[in-house]
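Enquirer: In numbering that gives the first Met the number 0, the protein residues as written are 0 to 191.
Cβ coordinates follow ideal geometry from the N, Cα and C atoms, glycine included.
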Amino acid sequence: MTKTLYIAGPEVFYPDAKAVLARKREMAADYGFDVIGPGLGFGTLPADKREAGIAIARINEQVMQRAQVMIANMTPFRGVSIDPGTAFEVGFFCALERPVFAYTNDPRDFGPRTADEWYKGEVAMDDTGHMRATVDGQSVEAHGFADNLMLDGGILSRGGKVLRPAGDVLLPTSDLTVYEEALRAARDALNA
Numbered sequence: 000m001t002k003t004l005y006i007a008g009p010e011v012f013y014p015d016a017k018a019v020l021a022r023k024r025e026m027a028a029d030y031g032f033d034v035i036g037p038g039l040g041f042g043t044l045p046a047d048k049r050e051a052g053i054a055i056a057r058i059n060e061q062v063m064q065r066a067q068v069m070i071a072n073m074t075p076f077r078g079v080s081i082d083p084g085t086a087f088e089v090g091f092f093c094a095l096e097r098p099v100f101a102y103t104n105d106p107r108d109f110g111p112r113t114a115d116e117w118y119k120g121e122v123a124m125d126d127t128g129h130m131r132a133t134v135d136g137q138s139v140e141a142h143g144f145a146d147n148l149m150l151d152g153g154i155l156s157r158g159g160k161v162l163r164p165a166g167d168v169l170l171p172t173s174d175l176t177v178y179e180e181a182l183r184a185a186r187d188a189l190n191a
């Protein structure tokens, strides 16, 4: 039986968004999924940009409510962390108690990535054993997850997975190897 799939990620911002999303939909269909969103037609949107944004958000929420499973691209986008829209979608889907199979093309843990990229290595362990930035004293989350513990924890506690590339190789954003692993994991979990 075909399962409905929502694909979450920052691909809508890519210069080749249509081609990338078409390829991801094609691959999902090969794994037996019916991709129902996002971005598969919003109809006529309000002329006002803010109102259009609100309409798109509501439409995506309605589509997520119809989806049975989500594949989420958690590859860092415009910073050290997941695209904020994708983070919202993951949280929304977890609140629906539905499985998310996430992936990232960055093999690094969130803590070291934040320490290296945001704080440029200017971190130290405090007297309680927590990593802190020396510049502002902020704690640097280090739980061994791909991103914030609420994302990975929410996904994993609902039977989903967060997949990363093998080894220490940072894959280009265009690489769909780990995306395909997420499709396979979702298919296998739903057919179990």
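To the nearest angstrom, how far is the alpha carbon of Tyr5 from that of Asp187?
Expert: C-alpha separation (whole angstroms): 17 Å.
Enquirer: Measure the beta-carbon distance from Phe109 to Asp146 and round it to whole angstroms, keeping in mind my assumption that it falls under 8 Å.
Expert: About 5 Å; that satisfies the 8 Å criterion.
Enquirer: Determine the burial state of Asp15: buried for a count of at least 16 other Cβ atoms within 10 Å of its Cβ, exposed for fewer.
Expert: Result: exposed.
Enquirer: Within 10 Å of its beta-carbon, does Glu121 have 16 or more other beta-carbons around it, so buried, or fewer, so exposed?
Expert: When all chains shown are included, Glu121 counts as exposed.
Enquirer: From what residue to what residue does the alpha helix (DSSP H) around Gly90 run?
Expert: Pro83 to Ala94 is the span of the alpha helix (DSSP H), which, as asked, contains Gly90.
Enquirer: Comparing C-alpha positions only, which one of Val62, Met130 and Gly78 sits nearest to Ala192?
Expert: Outside the modelled stretch of the chain, which goes from 0 to 191, sits residue 192, for which no answer is possible.
Enquirer: Considering only their Cβ atoms, is the gap separating Ile70 from Ala181 smaller than 7 Å?
Expert: Yes, the pair counts as a contact, with Cβ atoms nearer than the cut-off.
Enquirer: Can you look up Phe109 in the DSSP assignment and give me helix, strand or coil?
Expert: Residue state, collapsed to three classes: helix.
Enquirer: Consult DSSP for Lys119 and reduce its assignment to one of helix, strand or coil.
Expert: Reduced to three states, the DSSP call for Lys119 is coil.
Enquirer: DSSP state of Met63, grouped into three classes?
Expert: Note: Met63 maps to helix in three-state DSSP.
Enquirer: Measuring only the C-alpha atoms, how far is Pro98 from Gly143?
Expert: So the two alpha carbons sit approximately 21 Å from each other.
Enquirer: Taking C-alpha atoms, which residue in Leu44, Ala54 and Lys23 lies nearest to Leu175?
Expert: Checked all of Leu44, Ala54 and Lys23; the closest Cα to Leu175 is Lys23.
Enquirer: On the premise that Arg49 lies in contact with Val79, defined as a C-beta separation below 8 Å, what is that separation, rounded to the nearest angstrom?
Expert: The Cβ separation is near 28 Å, so there is no contact.
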